[in-house]
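**Q** Under the UniProt record's numbering, the residue at position 8 of the sequence shown is numbered 8, and the numbers go up by one with no gaps.
Even for Gly, the Cβ is constructed at its ideal location relative to N, Cα and C.
All values derive from a computational prediction rather than experimental measurement.
Got a structure for you, written out below as structure tokens; questions coming shortly.
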Amino acid sequence: MKSNIKAYFKNLAIAADQTINAVFGGYPDETLSSRLYRKDVEANKSHWTAIRKAVDALFFWQKSHCRAAYLREKQKAHFPESLK
């Protein structure tokens with residue numbers, strides 16, 4: 001039961017993150033953190049780097065938060081097994 005509640009709130013957090021990303025013009029199924037890392041690497045613009053570093057600093061307990069989010073997106077880690 002406890003793991004179901006934890007999964008429920010994790011899914012809500014991912015959905016909110018994806019919604020915020022979509023509101024700011026990103027892909028609707030991508031998290032903001034993933035987008036920040038991807039844009040920083042692809043566009044190589046200082047503003048993407050600055051925003052990515054700020055988000056990484058917010059998640060100071062996670063090493064390279066945005067990069068890790070990007071890698072999880074590529075693995076479709078938040079998808080159920082039936083959709084991978």
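Which residue from 37, 61, 9 and 60 puts its Cα closest to that of residue 51?
**A** Out of 37, 61, 9 and 60, 37 has the C-alpha closest to the C-alpha of residue 51.
**Q** Count the other CB atoms within 10 Å of the CB of residue 19; is the residue buried (16 or more) or exposed (fewer)?
**A** Exposed.
**Q** Using only alpha-carbon positions, find the residue among 32, 7, 8 and 77 that is nearest to residue 48.
**A** Comparing Cα-Cα distances from residue 48 to each of 32, 7, 8 and 77, the minimum goes to 32.
**Q** Let me confirm a value: residue 73 is counted as buried when at least 16 other C-beta atoms fall within 10 Å, else exposed. Which label applies?
**A** Residue 73 should be labelled buried.
**Q** State the Cα-Cα distance for the pair residue 54 and residue 84, rounded to the nearest angstrom.
**A** Computed Cα separation, rounded: 31 Å.
**Q** In this structure, how does DSSP classify residue 48 when only helix, strand and coil are distinguished?
**A** Of the three classes helix, strand and coil, the one that applies to residue 48 here is helix, per DSSP.
**Q** Report the rounded CA-to-CA distance for residue 34 versus residue 3, giving the unit in angstroms.
**A** The straight-line gap from Cα to Cα measures roughly 25 Å.
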